[in-house]
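Quick notes on the structure that follows.
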Amino acid sequence: MTASDRPSRRPMRAREIVLLGLLGAVLFVSKMALAGLPNIEPVSLLIMVYMAVLGWRGLFPVYIYVFLEYLIWGVNLWSICYLYVWLVLALLARLLRRMESALGWAVLSGAFGLCFGALCALTYLVAVGWSYALSWWISGIPFDLAHCAGNFGMALVLFRPCRKVLARLAGNLARP
4 MTASDRPSRR PMRAREIVLL GLLGAVLFVS KMALAGLPNI EPVSLLIMVY MAVLGWRGLF
64 PVYIYVFLEY LIWGVNLWSI CYLYVWLVLA LLARLLRRME SALGWAVLSG AFGLCFGALC
124 ALTYLVAVGW SYALSWWISG IPFDLAHCAG NFGMALVLFR PCRKVLARLA GNLARP
């Protein structure tokens, strides 16, 4: 583990806290902007970008987003998976942060979209049982396919430009 791989122990400066809060709000607002399209969302793309650029601090916007989702929609079985499902993507993105291929990021994002329903079904498995979790997952497969296609296309086109913009913003924060 190199120094850049370890979580930073330095305290966050006010500008960094503001940026992380704004990035969490961007996750929420961008998802709401596309809410009319079933399972087409930029959240997966942005989480990958945040983790690739910001490292472990990229988790702050992720859980700000989850908090905002809970604040607006409430907490129920369907929402509990948000506590772990976005973390799975964040960890994968952190592990692959040095990947330069837009196609590679698109494949990761598409695969995550395809697996999203199965990952969320784990909540139902624990709470209700096998038959309910399996039927819930199977009934959502068409939405997982849309999620896969949307994630793949968005990441293929937008990952590199978003990464570049966020790297520039994060670099500006480092200056006094």
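Mapping to my numbering: the sequence shown position 132 is 135, numbers consecutive.
Beta carbons are placed, not taken as given, at the ideal position from N, Cα and C, and that holds for glycine.
For residue 110, the uninterrupted alpha helix (DSSP H) segment begins and ends at 105-130. By the Cβ neighbour-count rule, residue 44 is buried, with 16 or more other Cβ atoms within 10 Å of its own. Of all C-beta pairs linking the stretch 53-66 to the stretch 84-104, three or more are shorter than 8 Å, placing the two stretches in contact. DSSP places residue 165 within a helical segment (H, G or I) once states are collapsed to three. Annotated as proximal: residue 151 and residue 113, with beta-carbon spacing under 8 Å. Counting every other CB atom within 10 Å of its CB across the protein chains shown gives residue 50 a total of 16 or more, marking it as buried.
The alpha-carbon of residue 86 is positioned some 22 Å away from that of residue 56. In this structure the stretch 29-46 lies against the stretch 137-155, because at least three pairs of beta carbons, one per stretch, are closer than 8 Å. Within its own chain, the residues whose Cβ lies closer than 8 Å to the Cβ of residue 165, once the five positions on either side in sequence are excluded, are 48, 49 and 52, listed in chain order.
Per the coordinates, the alpha-carbon of residue 147 lies some 20 Å from the alpha-carbon of residue 96. In this structure, residue 23 lies near residue 60, with their beta-carbon atoms less than 8 Å apart.
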